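K.L.:
When you read off a place in the sequence shown, starting at 1, and then add 2, the result is the number in our numbering. All C-beta atoms in this analysis are idealised placements derived from N, C-alpha and C, irrespective of residue type, glycine included. For clarity, every value in this text was computed on a predicted model and none was experimentally measured. Have a look at this one before I ask anything.
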Amino acid sequence: MIHTTESPWEGDVIEARGLMKRYGDVVALDGLDLTVPEGTILGLLGPNGAGKTTAVSILTTLIEPDAGTARVAGADVVASPREVRKRIGLSGQYAAVDEHLTGFENLDMIGRLYHLGSRAAKKRARELLDRFDLADAADRPVKTYSGGMRRRLDLAGALVAEAPVLFLDEPTTGLDPRSRAQLWAVIGDLVGRGATVLLTTQYMEEADQLADDIVVIDHGRVIAHGTADELKAKVGGERIEVALQTSAGVDEAHRVLARFALDAPRIGERSVTVAISGGARTFTRALRMLETAGVEMHDVGLRRPTLDDVFLSLTGHGVDRGEKLDQASGNGELVSMKEVR
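Below, the structure written as structure tokens:
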């Protein structure tokens, strides 16, 4: 099990208040507040340089904040860093594995660092190698692994101790779709058994599928907070998109859809698109009227805003892959996490 039903701490499992961090003249975090209830996944999203990895580095005791406070599983990250480390698992943006050891030896070593004992560490290593599709390569040196295999091994390392709190910093970067789906299943299973997860990601569909709650940050500050559906609702932008069999149906489709449109319909050679409100209810009414009017449709759909649309609306640009400020300030320390446990 991840931990007992009665948690030894009270309140939110992860709690940060007013976190500040500067690197010279650059403000990485500017009064960041975060809370993550037990047994949930918080998706921490933001554009390039927003401060995501800096926040993770502070919460996992790798760096200290210039101001503000943070507690993880009841322990203060500055006053009691060892207590925090006992209760967390971490996977950073880059695979922190020893390439001269085999995959099995890497996981066995991590288990021993967590004081699992020799027999338990070996058993746990084999379990995770099976779970992450690495059993066939278990006894090969990691330097012979592909990038995706190293990534999966690093993620397995974060799960060795079945810690009650997991920090996953862009965990599926570099994974193929199958491996990404496998990891989503693993994360879902862990949370189902009581784990609490803070997840940063560059894949919007990942946050959409996994996160119970989402915090969007930019320039080190929270600029939006809510569920995926709540954030999308704030952006708005639902549209009915109709593709017609022939251009002859455009005028009639336009006439029908215009009565639902919030602004001027967009007309194509064989298509009509209108912005609406009311979601599925409005869509159903419009579809019924189109069919009654005899409009021959090739395809019709209700397009809802995506988290990419949320980013564009909130920040003026989409999510960039990579985090230049955080790479400069924190990744070297993230790689050394297993050394300080």
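Just to confirm before moving on: does the CB-CB distance between Phe-262 and Ala-245 stay below 8 Å?
P.N.:
Here residue 262 corresponds to residue number 260 of the sequence shown, with the count starting at 1. Here residue 245 corresponds to residue number 243 of the sequence shown, with the count starting at 1. No, the Cβ-Cβ distance between Phe-262 and Ala-245 is not below 8 Å.
K.L.:
Who are the Cβ neighbours of Ala-295 in its own chain at under 6 Å, not counting the five residues just before and after it?
P.N.:
On the sequence shown, position 293 is the one that residue 295 refers to. Only Glu-254 and Val-258 meet the Cβ criterion.
K.L.:
Helix, strand or coil, according to DSSP, for Ile-60 in the structure here?
P.N.:
Along the sequence shown, one-based indexing puts residue 60 at 58. Three-state result, Ile-60: helix.
K.L.:
Report the residue ranges of all beta strand (DSSP E) runs contained in full by the segment 111–191; include only those spanning at least 3 residues, in chain order.
P.N.:
Counting only runs of 3 or more, we get 167–171.
K.L.:
Give me the Cα-Cα distance between Ile-16 and Ala-72, rounded to the nearest whole angstrom.
P.N.:
Within the sequence shown, the letter at position 14 stands for residue 16. Within the sequence shown, the letter at position 70 stands for residue 72. Approximately 8 Å between the Cα atoms of the pair.
K.L.:
Compute the beta-carbon to beta-carbon distance between Pro-49 and Leu-103, rounded to the nearest angstrom, for a pair I have assumed lies under 8 Å.
P.N.:
Translated into the one-based positions of the sequence shown, residue 49 becomes position 47. Translated into the one-based positions of the sequence shown, residue 103 becomes position 101. About 36 Å; that fails the 8 Å criterion.
K.L.:
The beta strand (DSSP E) spanning Ala-226 covers which residue range?
P.N.:
Translated into the one-based positions of the sequence shown, residue 226 becomes position 224. It spans 223–228 - the beta strand (DSSP E) in which Ala-226 sits, taken as one unbroken run.
K.L.:
Under the three-state reduction of DSSP, which class applies to His-300: helix, strand or coil?
P.N.:
Indexing the sequence shown from 1 puts residue 300 at position 298. The answer is strand: DSSP assigns His-300 an E or B state.
K.L.:
Closest to Lys-88 by C-alpha separation, out of Leu-118, Ile-65, His-221 and Ala-98, would be which residue?
P.N.:
As a first step, residue 88 is located in the sequence shown; it is residue number 86 there, counting from the start. Checking every option, the nearest Cα to that of Lys-88 belongs to Leu-118.
K.L.:
Would the segment 149–168 and the segment 189–199 be scored as touching if the rule is three or more Cβ pairs under 8 Å?
P.N.:
Contact between the segment 149–168 and the segment 189–199 is present, because at least three Cβ pairs lie under 8 Å.
K.L.:
Classify Arg-225: buried if its beta carbon has 16 or more other beta carbons within 10 angstroms, exposed otherwise.
P.N.:
As a working note, residue 225 is residue 223 in the sequence shown. Rather than Arg, the amino acid found at residue 225 in this sequence is Ile. Per the 10 Å Cβ criterion, exposed.
K.L.:
Determine the direct distance from the alpha carbon of Arg-121 to that of Phe-227, and round the result to whole angstroms.
P.N.:
By one-based count along the sequence shown, residue 227 stands at place 225. By one-based count along the sequence shown, residue 121 stands at place 119. The identity of residue 227 in the sequence shown is His, whereas the question assumes Phe. Going from the Cα of His-227 to the Cα of Arg-121 covers about 44 Å.
K.L.:
With a Cβ-Cβ cutoff of 8 Å, do Ile-242 and His-256 count as a contact?
P.N.:
Reading the sequence shown from its first residue, position 240 is the one you call residue 242. Reading the sequence shown from its first residue, position 254 is the one you call residue 256. It is not a contact, given that the beta carbons lie outside the stated cut-off.
K.L.:
According to the Cβ coordinates, are Gly-94 and Asp-171 closer than 8 Å?
P.N.:
Position 92 of the sequence shown, counted from the start, is the residue given in the question as residue 94. Position 169 of the sequence shown, counted from the start, is the residue given in the question as residue 171. For Gly-94 and Asp-171, yes; Cβs fall inside 8 Å.
K.L.:
Name the two residues that bound the continuous beta strand (DSSP E) containing Glu-40.
P.N.:
As a working note, residue 40 is residue 38 in the sequence shown. Element bounds for Glu-40: n/a, residue is neither H nor E.
K.L.:
Excluding the five sequence neighbours on either side, which residues of its own chain have a C-beta within less than 7 Å of the C-beta of Gly-176, listed in chain order?
P.N.:
Here residue 176 refers to the residue found at position 174 of the sequence shown. Excluding positions up to five away in sequence, the list reads Gly-149, Gly-150 and Arg-153.
K.L.:
Taking the Cβ atom as the reference point for each residue, do Ala-57 and Leu-92 lie within a distance shorter than 8 Å?
P.N.:
For the purposes of this step, residue 57 is taken as residue 55 along the sequence shown, with counting starting at 1. For the purposes of this step, residue 92 is taken as residue 90 along the sequence shown, with counting starting at 1. For Ala-57 and Leu-92, no; Cβs fall outside 8 Å.
K.L.:
Identify the residues that DSSP records as bridge partners of Ala-277: which are they?
P.N.:
As a working note, residue 277 is residue 275 in the sequence shown. Its beta-bridge partners are Arg-241.
K.L.:
Please determine, among Val-193, Leu-304, Phe-134 and Gly-51, the residue with the shortest C-alpha to C-alpha distance to Val-38.
P.N.:
Reading the sequence shown from its first residue, position 36 is the one you call residue 38. Among Val-193, Leu-304, Phe-134 and Gly-51, the Cα nearest to that of Val-38 is on Val-193.
K.L.:
How is Ala-30 classed by DSSP in three states: helix, strand or coil?
P.N.:
Taking the first residue of the sequence shown as 1, we reach residue 30 at position 28. Strand at Ala-30.
K.L.:
Does the beta-carbon of Asp-1 have 16 or more other beta-carbons within 10 angstroms, so that it is buried, or is it exposed?
P.N.:
Here the chain has residues from 3 to 343 only, and residue 1 is not among them.
K.L.:
Could you name the residues of the same chain whose beta carbon sits closer than 6 Å to that of Leu-44, not counting the 5 residues immediately before and after it, in chain order?
P.N.:
Within the sequence shown, residue 44 is the residue found at index 42, counting from 1. So the list reads Val-38, Leu-200 and Asp-215, once near-sequence residues are dropped.
K.L.:
Taking the CB atoms as reference points, tell me whether Tyr-147 and Ala-158 lie closer together than 8 Å.
P.N.:
Here residue 147 refers to the residue found at position 145 of the sequence shown. Here residue 158 refers to the residue found at position 156 of the sequence shown. The answer is no: Cβ separation not under 8 Å.
K.L.:
Just to check my reading of the structure: Glu-293 and Gly-251 have Cβ atoms closer than 8 Å, yes? What is that Cβ distance to the nearest angstrom?
P.N.:
Locating residue 293 in the sequence shown gives position 291, counting from the first residue. Locating residue 251 in the sequence shown gives position 249, counting from the first residue. With 8 Å as the limit, Glu-293 and Gly-251 do not qualify as a contact, their Cβ atoms being about 12 Å apart.
K.L.:
State the beta-bridge partners of Gly-91 as determined by DSSP.
P.N.:
Working through the sequence shown from its first residue, we reach residue 91 at position 89. Under the DSSP definition of a beta bridge, Gly-91 partners with Leu-168.
K.L.:
Can you tell me where the beta strand (DSSP E) with Leu-200 in it begins and where it stops?
P.N.:
Within the sequence shown, the letter at position 198 stands for residue 200. It spans 198–202 - the beta strand (DSSP E) in which Leu-200 sits, taken as one unbroken run.
K.L.:
Confirm, please, whether the CB-CB distance from Met-22 to Asp-78 is below 8 Å.
P.N.:
Position 76 of the sequence shown, counting from 1, holds the residue named residue 78. Position 20 of the sequence shown, counting from 1, holds the residue named residue 22. Not in contact: Asp-78 and Met-22 (Cβ atoms no closer than 8 Å).
K.L.:
Out of Arg-114, Pro-173 and Ser-315, which has the shortest C-alpha to C-alpha gap to Val-237?
P.N.:
Working through the sequence shown from its first residue, we reach residue 237 at position 235. That would be Ser-315, whose Cα lies nearest to the Cα of Val-237.
K.L.:
Could you pull the start and end residues of the alpha helix (DSSP H) that Asp-214 belongs to?
P.N.:
One-based indexing of the sequence shown puts residue 214 at position 212. No alpha helix (DSSP H) contains Asp-214, which DSSP labels as neither H nor E.
K.L.:
Where Val-74 and Leu-61 are concerned, what is the direct C-alpha to C-alpha distance, given to the nearest angstrom?
P.N.:
Here residue 74 refers to the residue found at position 72 when the sequence shown is read from its first residue. Here residue 61 refers to the residue found at position 59 when the sequence shown is read from its first residue. Taking the straight line joining both Cα atoms gives about 7 Å.
K.L.:
Does the distance from the C-beta atom of Ala-52 to that of His-221 stay below 8 Å?
P.N.:
Translated into the one-based positions of the sequence shown, residue 52 becomes position 50. Translated into the one-based positions of the sequence shown, residue 221 becomes position 219. Cβ distance < 8 Å, so Ala-52 and His-221 count as in contact.
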